[in-house]
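Quick notes on the structure that follows.
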Amino acid sequence: MTLTYTTDLSPVRALVEAHARAARLPEAKVIDLVLAVSEVAANTLRHAGSPGTLDIWHDDREIICVLHDKGFISDPMAGHQRPGPEATQGHGLWLVRQLCDLVEIRSDETGTTIRLHMGIPQP
Amino acid sequence: MNDHTQRPSVVQTGVDLLTASVTARESAGEPYTLVTLSGEADVTNNDQLRDLLDAEVAKQPSHLIVEMSGLRFMDSSALHALLRANRALDRQGGVLSLVSPQEAVARMLHLTAADRLVPVYDTVEEAAAG
Numbered sequence: 061m062t063l064t065y066t067t068d069l070s071p072v073r074a075l076v077e078a079h080a081r082a083a084r085l086p087e088a089k090v091i092d093l094v095l096a097v098s099e100v101a102a103n104t105l106r107h108a109g110s111p112g113t114l115d116i117w118h119d120d121r122e123i124i125c126v127l128h129d130k131g132f133i134s135d136p137m138a139g140h141q142r143p144g145p146e147a148t149q150g151h152g153l154w155l156v157r158q159l160c161d162l163v164e165i166r167s168d169e170t171g172t173t174i175r176l177h178m179g180i181p182q183p
Numbered sequence: 005m006n007d008h009t010q011r012p013s014v015v016q017t018g019v020d021l022l023t024a025s026v027t028a029r030e031s032a033g034e035p036y037t038l039v040t041l042s043g044e045a046d047v048t049n050n051d052q053l054r055d056l057l058d059a060e061v062a063k064q065p066s067h068l069i070v071e072m073s074g075l076r077f078m079d080s081s082a083l084h085a086l087l088r089a090n091r092a093l094d095r096q097g098g099v100l101s102l103v104s105p106q107e108a109v110a111r112m113l114h115l116t117a118a119d120r121l122v123p124v125y126d127t128v129e130e131a132a133a134g
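Chains W and E, in that order, give the protein sequences. For what it's worth, my numbering labels the leading residue of the first sequence as 61, then goes sequentially. For what it's worth, my numbering labels the leading residue of the second sequence as 5, then goes sequentially.
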């Protein structure tokens, strides 16, 4: 299902949490995924100047969240460098990369799509 | 223990997402400012959180204790507000302490190593004594 978000991130987090639990992600991973999606969505609110959309689904092996907005990320190294310990900005995408098993970012003048993958531990 | 409520200020967004209250307290004769945060702190209420922390830091407290047991969620913008306050307090010779983060908040503090920069305690009493 597609959720559109504009000014409120609480519903985004609630949806991710519900899906993550339904997918039987362990609690620690639920927390991580909610945090990661919230950080991406926060960037939409901060930078994109457009609403964002969230699509989320899972299979046996992983849960996938796709966020899209009309913003443009010009820095190809976005999120790859850890901010210094006393940095008061810039943690968002770096955190997302720490939290998720795979992060794919596609960004051009038409918009930005960020795809987050979280593996579901296999028995 | 004296518990003088100096300035109970409540920050509420349109959906009452974040609540903050401030009280002046003391422990063993040492004054401290207690900021209690509950709800969810994210980019949508970051200005209010920053304004609140800036206002308290401007009063030059020797110790600012943020009690966060009721905070369900904190994102990087809220963390930044705390680190900003930490830095400003440090410059003034003051100290910031955090108390009782929930799991999601503790995760954020740990991943960013903020919990090595700002002391985290289980109770306000321990923070005040520490």
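Where is the CB? At the ideal position from N, CA and C, for every residue including glycine. Just so it is clear, the structure is predicted and the values come from calculations on it, not from any experiment.
C-beta atoms of G139 of chain W and L153 of chain W nearer than 8 Å: yes
Does I123 of chain W have its Cβ less than 8 Å from a Cβ in chain E? no
Of all Cβ atoms in chain W, is any one closer than 8 Å to the Cβ of T37 of chain E? no
Could you tell me the distance, in whole angstroms, from the CA atom of M112 of chain E to the CA atom of V97 of chain W? 13 Å
Name, please, each residue of chain E whose Cβ falls closer than 7 Å to the Cβ of D119 of chain W. Chain E residues near D119 of chain W: none, gap ~25 Å exceeds 7 Å.
For the beta strand (DSSP E) containing M112 of chain E, list its first residue and its last residue. Premise fails: M112 of chain E lies in the alpha helix (DSSP H), E107 to L115, not in any beta strand (DSSP E).
Give the DSSP-derived three-state secondary structure of P65 of chain E in the structure shown. coil
Through-space distance from L68 of chain E to Q93 of chain W, alpha-carbon basis: Checking the sequence, you will find Leu at residue 93 of chain W rather than Gln. The alpha-carbon atoms of L93 of chain W and L68 of chain E are separated by roughly 31 Å.
Considering only C-alpha positions, which residue in the set W:I174, W:A74 and W:V76 is nearest to P136 of chain W? W:I174
Give the single residue among E:L56, E:E30, E:V61 and E:S104 whose Cα lies nearest to the Cα of L93 of chain E. E:V61
If you measure from the beta carbon of R29 of chain E to each beta carbon in chain W, is any gap under 8 Å? no
Thinking C-alpha only, which one of W:Y65, W:A74, W:V163 and W:R166 is nearest T113 of chain W? W:Y65
Name, please, each residue of chain E whose Cβ falls closer than 7 Å to the Cβ of L75 of chain W. Within chain E, no residue comes near L75 of chain W; the closest Cβ sits about 14 Å away, beyond 7 Å.
What does the Cβ neighbour count give for R106 of chain W, buried or exposed, with the cut at 16 atoms within 10 Å? exposed
Do we get a CB-CB distance below 8 Å when we pair S110 of chain W with the residues of chain E? no
Where do the ends of the beta strand (DSSP E) carrying P136 of chain W lie? Run containing P136 of chain W: none; DSSP gives neither H nor E here.
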